[in-house]
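For reference, the structure discussed in these notes is given below.
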């Protein structure tokens, strides 16, 4: 049994990056040798030095929903204030959504609430939702008065920043908390390893002969859920929707067959590739839902390198990273990162495991 406490480490708040670097590619990158554990620190733009012609870069093109909304219970001026975090459509249409809803104790089936506009006032158009009921996992099902989710996002939605940033979303977050290749709407959190890339770096990668493939995994709220179980094996992983196309699966297989390396951009990319991978490292195009949980002593099969940010203590993400290099080497690298005043979490610096 793998004890969760083995992945604990101390992180003073001063290391948490509450805002992104001035420019997307302005972060630092710790490069760790997966075998020796040796580390070097470079500007992120140096990532191209670790890619060769014939290699492949695989990224997650999910796009973060402006899914944090506020509403006031209908019928009273001093009605209860609700905070909503949209998770996913609950049916074949866009009227009904599964969401997190606070305060849950006031969200009885049939409760109606009017959405609040940017200024925090009840909207004049009367756009609202009704609580359909509570789901088994303590999320809620709500029904909006319109199925135009883009309209709701534009008029009432906010970017749902991770709770550990301890601040409200600002205008700049609408752009900086999305990757430059974000295309398929559906995530509640960004695949943050991809936030460092600029169109220029991606263009230079292609010029160098590096092929770029995309897949989709809609990051769920469970990504922030700490492992509360004493042992990793008893932790219940959340499900997330994913798509791996024939084109990207073919790129991964062809790259490795020809002796090239596959660089996975972020843990979400790894979760898709490993969900679609056989024991020989061949990936097959698939779509569906995955709750794959990767932790030592498992080794990655579908990718050769990983770019990722620095993760929370005792998190499933830190456990996944420890599949690429021994846990002791990863935690030693984290300590080195603190000594070098590197920035942690979603808006922080990154690590390349090669």
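In our numbering, the protein residues as written are 807 to 1160.
Just so it is clear, CB atoms sit at the ideal spot from N, CA and C, and this is done for glycine as well.
The three-state secondary structure of residue 983, taken from DSSP, is coil.
Secondary structure at residue 1089: strand, using DSSP grouped into helix, strand and coil. Residue state for residue 822 is assigned as strand, using DSSP reduced to three classes. When the five nearest sequence neighbours on each side are left out, the beta carbons in the same chain lying within less than 7 Å of the beta carbon of residue 1104 are those of 1129, in order along the chain.
Here the C-alpha atom of residue 1141 lies approximately 37 Å from the C-alpha atom of residue 944.
Using a C-beta cut-off of 8 Å, the stretch 953–970 makes contact with the stretch 871–879, since at least three inter-stretch Cβ pairs fall below that distance. Taking all protein chains in view, the Cβ of residue 953 is surrounded by fewer than 16 other Cβ atoms within 10 Å, so the residue is classified as exposed. Judged by DSSP secondary structure, residue 1075 falls within the alpha helix (DSSP H) whose first and last residues are 1073–1081.
Taking C-alpha positions only, residue 811 is separated from residue 1030 by approximately 17 Å.
Residues of the same chain with a CB within less than 8 Å of the CB of residue 910, apart from the 5 flanking positions on each side, are 940, 944, 946 in chain order. A residue is called buried when at least 16 other Cβ atoms come within 10 angstroms of its Cβ; residue 1125 meets this threshold and is buried. Residue 866 and residue 918 have their C-alpha atoms some 36 Å from each other.
The three-state reading of DSSP puts residue 993 in strand, counting E and B together. When only Cα atoms are considered, residue 935 and residue 852 end up about 48 Å apart.
The beta carbon of residue 1022 sits closer than 7 Å to those of 866, 867, 868, 990, 1048, 1049, all from its chain and outside the five residues before and after it, given in chain order. Proximity to residue 1159 across 1133, 1096, 1146, 1152 peaks at 1133, based on C-alpha coordinates. Exposed is the label assigned to residue 1090, since fewer than 16 other Cβ atoms lie within 10 Å of its Cβ. Contact fails between the stretch 998–1017 and the stretch 1030–1039, because fewer than three Cβ pairs, one in each stretch, are under 8 Å apart. Counting along the chain, the unbroken beta strand (DSSP E) around residue 879 starts and ends at 874–879.
With a cutoff of 8 Å on beta-carbon distance, residue 999 and residue 1113 are scored as near each other. Listed as beta-bridge partners of residue 1037 by DSSP are 809. CA-to-CA, the gap between residue 1099 and residue 931 works out to about 44 Å. The shortest CA-to-CA distance from residue 942 to any of 906, 973, 921 is the one to 906. Counting only runs of 4 or more residues that sit fully inside the stretch 934–966, the alpha helix (DSSP H) segments are 955–962, in chain order.
Look at residue 1143 here: in three-state DSSP terms it is helix.
For the options 970, 900, 861, 817, the alpha carbon positioned closest to that of residue 825 is the one of 970.
Residue environment: residue 820 is assigned as exposed (fewer than 16 neighbouring CB atoms within 10 Å of its CB, all protein chains considered). In the DSSP assignment, residue 1057 falls within the alpha helix (DSSP H) that extends over 1052–1063. In the same chain as residue 835, and ignoring 5 residues on each side of it, the C-beta atoms closer than 6 Å to its own belong to 848, 850, 1156, 1158, in chain order. The beta carbon of residue 983 lies closer than 7 Å to those of 870, 965, 967, 996 in the same chain, with the five residues before and after it left out. Nearest to residue 1092 by C-alpha distance, out of 1056, 886, 1102, is 1056. Excluding five sequence positions before and after residue 887, the CB atoms of its chain that fall closer than 7 Å to its own CB belong to 876, 878, given in chain order.
Nearest C-alpha to residue 1095 among 1078, 1067, 809, 973: 1078.
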